[in-house]
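One structure is given here, and the rest of the page talks about it.
In the UniProt record's numbering, the protein residues as written are 1 to 141.
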């Protein structure tokens, strides 16, 4: 008698994989920053890159001066040696990635480090933490 797919699935041994593991592994590579620290990075010439979808930016606002790069093309725009990279991007320039709550940005920041951006990190708590801290936000009219 063979096992059903549900029985096979429950007998699979879990290991060092899954989103929680990947997130922890990514964050272990980062020195995450608070909203105020992200602002300081920006004021000192670093980049804040907002990876949220346009619909989120329209609904909730944006960080003034942040560059917007949707997640789907992020690696191509962050490759310091790539032909589609953002202007002014180099391996030692601080980069703070921002998503809604600080999960997708942790994964993206770890990828950015893998691309050679040695000072890449993310905003703990994401855009919503920035907004909750009372920092400037622009909205569309």
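In this text, a Cβ means the ideal position worked out from N, Cα and C, and glycines have one as well.
Express the C-alpha separation of residue 83 and residue 19 in angstroms, rounding to a whole number.
-> For residue 19 and residue 83, the distance between alpha carbons rounds to 31 Å.
Of all the alpha helix (DSSP H) runs that stay within the bounds of the segment 55–126, which reach a length of 4 or more residues?
-> 74–78, 104–115
Are residue 112 and residue 120 closer than 8 Å when you measure CB to CB?
-> yes
How far does the beta strand (DSSP E) with residue 19 in it reach, from first residue to last?
-> Per DSSP, residue 19 lies in no beta strand (DSSP E) segment; the continuous alpha helix (DSSP H) that holds it begins and ends at 19–27.
Taking the C-alpha atoms as reference points, what is the distance between residue 97 and residue 105?
-> So the two alpha carbons sit approximately 5 Å from each other.
May I ask you to list the residues that DSSP assigns as paired with residue 48?
-> Bridge partners of residue 48: 96.
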